[in-house]
Structure formats: structure tokens, C-alpha cells
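Encoded as C-alpha cells, the structure appears first; notes follow it.
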Ligand code: 5GP
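Numbering (my numbering), first residue to last: 1 to 115.
Structure representation (C-alpha cells):
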């Protein structure tokens, strides 16, 4: 067995973090190192999927729930507009291999990633 991920440890209360929203299958925390005025992480409770490609193949319904929850927290914590980022693979900056969506919101008109 590999070590539990940092997100599993947060879910189990072993690492402190405020859970700002949750459903039966996913939860939301604030990123410890925010890259935007609002930077939330939407995380499946299961650690079965390393990244969004595995999640999409293994449980597309859960991926849809992640996107829906991202929209809900973006509406609650910002104006509802948001960027959704899944870093996928170490070379793309992924550091935690328990799939999670970054919700970036609040004043993102500077420095867009689409050129
Ligand atoms: P990745 O780099 O894998 O796409 O994203 C992992 C994210 O988890 C990073 O943005 C990092 O700041 C965040 N993170 C890592 N450890 C913790 C922690 O203990 N608490 C919280 N709230 N966020 C964390």
C-alpha cells in the first residue's frame, strides 16, 4: 500500500484544513498556496484515481460531480466565473497524485492562459 495522500489525510482530520463544501463523494478546501484571489481545490473523497484522465475513464459521473461542485463554490466564493485546472503529470506541475481540480476565480482577466 502506498502512503495516504495529503488530501486523504486532510479528509481524515490528520492534517488541519477547513472543508468549505462537500458532497457524498467530494470535498473542497482552500489551497494552502493560493495562485489567485480565490483558489479552491475540489477533490474526490476516493483516492482511487491519480489524475483526471484516470477519473474520466473510471468514473465519468464523479468527474461531472467535481465540475458541478466547482461551479457551485465559484458562485459562492466569487462571481461564478472560474478557471478549472487539472495538472496532469509531474512535468505539468502535478505534485499530489490524488486527482483534484483547481478552481481559480476572482479578478483573472490579467494573464490568461489562452494567449
Ligand atoms: P498539484 O500541484 O498536484 O496540481 O496541486 C496540489 C495543490 O495542493 C498545490 O496547489 C498545493 O498548494 C496544495 N496543497 C499541498 N498540500 C496542502 C495542504 O496541506 N493543505 C492545503 N490546503 N493545500 C495543500
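Glycine included, C-beta positions come from ideal geometry on N, C-alpha and C.
The structure presented is a predicted model; accordingly, all values stated were derived computationally and were not measured.
Distances from the CB of residue 96 to the heavy atoms of ligand 1 include at least one below 7 Å. Counting C-beta pairs closer than 8 Å gives fewer than three between the stretch 6-15 and the stretch 54-65, which falls short of the contact rule. Residue 98 sits in coil when the DSSP states are folded into three classes, being neither helix nor strand. Secondary structure at residue 36: coil, using DSSP grouped into helix, strand and coil. For residue 29, the enclosing beta strand (DSSP E) stretches over residues 26-30.
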